[in-house]
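The sequence shown begins at 1 in our numbering and counts up by one. Quick reminder that beta carbons are idealized off the backbone N, C-alpha and C, glycines included. Since we're looking at a predicted model, the values are computed, not measured. Have a look at the structure below, then the notes.
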Amino acid sequence: MQNTHYNSTGAVLVLSSGRVVDVNGIGEAKAIALDVWRKRVVASVEARQPTSLGMSERQSIEEDIARRRAQLVAWRKGVEPETEALRVKARKQKEVGLERLNRENSLAGDRARQQRQEFAQRATTLQQNSVLHEALSDAVETARLRLRRLSLGCYVRFLYIAR
1 MQNTHYNSTG AVLVLSSGRV VDVNGIGEAK AIALDVWRKR VVASVEARQP TSLGMSERQS
61 IEEDIARRRA QLVAWRKGVE PETEALRVKA RKQKEVGLER LNRENSLAGD RARQQRQEFA
121 QRATTLQQNS VLHEALSDAV ETARLRLRRL SLGCYVRFLY IAR
């Protein structure tokens, strides 16, 4: 790393946790020597690491796996009746809900049919009333014209005979 204070090269250590540490007094040469030492230690450890498990270690791991498997199977068998009871309860709730929805759907259909019939009857009544209204309006207009002629005739007669 370039050190801006003294215009020299230094080292920054990065720990395995990811934290960066700047150590005073470690220059480029010491940093290179430290890195070479670390690489030698890692290579030595990797060379000594086992390539396979021993029989006792393998048997211990297999026994642990078998024990945990037995625990899980026992737990599963203990939970299965409870889950089955919950499934049955959920199915019953579903059936009850579906029956309720079917009833509500049927009632809504009946109400809709009833309203359509009422609307059809009202539409028919409105059409009949419209025809009647038109006929009455024509009759009123005719009566007004006749009344007007009578009024005009009476007025003219009044003018001539003064009665």
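Exclusion of the five residues before and after Val-41 leaves no residue of its chain whose Cβ lies closer than 8 angstroms to its Cβ. Cβ neighbours of Ile-26 within its own chain (closer than 6 angstroms, five residues either side excluded): Ala-11. The beta carbon of Ala-74 is closer than 7 angstroms to none in its chain, skipping five residues each way along the sequence. In the three-state scheme derived from DSSP, where H, G and I count as helix and E and B as strand, Ala-123 is classed as helix. Just so you know, the alpha carbons of Ser-56 and Arg-76 end up roughly 30 angstroms apart.
The three-state reading of DSSP puts Gly-153 in helix, counting H, G and I together.
Shown here for Ser-52: not one same chain residue has a beta carbon closer than 8 angstroms to its own, the five before and five after excluded. If you look at Gly-25, you'll find it in the beta strand (DSSP E) that goes 20 to 27. Contact between Val-21 and Leu-15 is confirmed by a C-beta separation of about 6 angstroms, below the 8 angstroms threshold.
In the three-state reduction of the DSSP assignment, Ala-31 falls in the helix class, which pools H, G and I.
Separation of Leu-13 and Ala-47 (C-alpha to C-alpha, rounded to the nearest whole angstrom) is 25 angstroms. The alpha-carbon separation between Arg-67 and Gly-18 amounts to approximately 38 angstroms.
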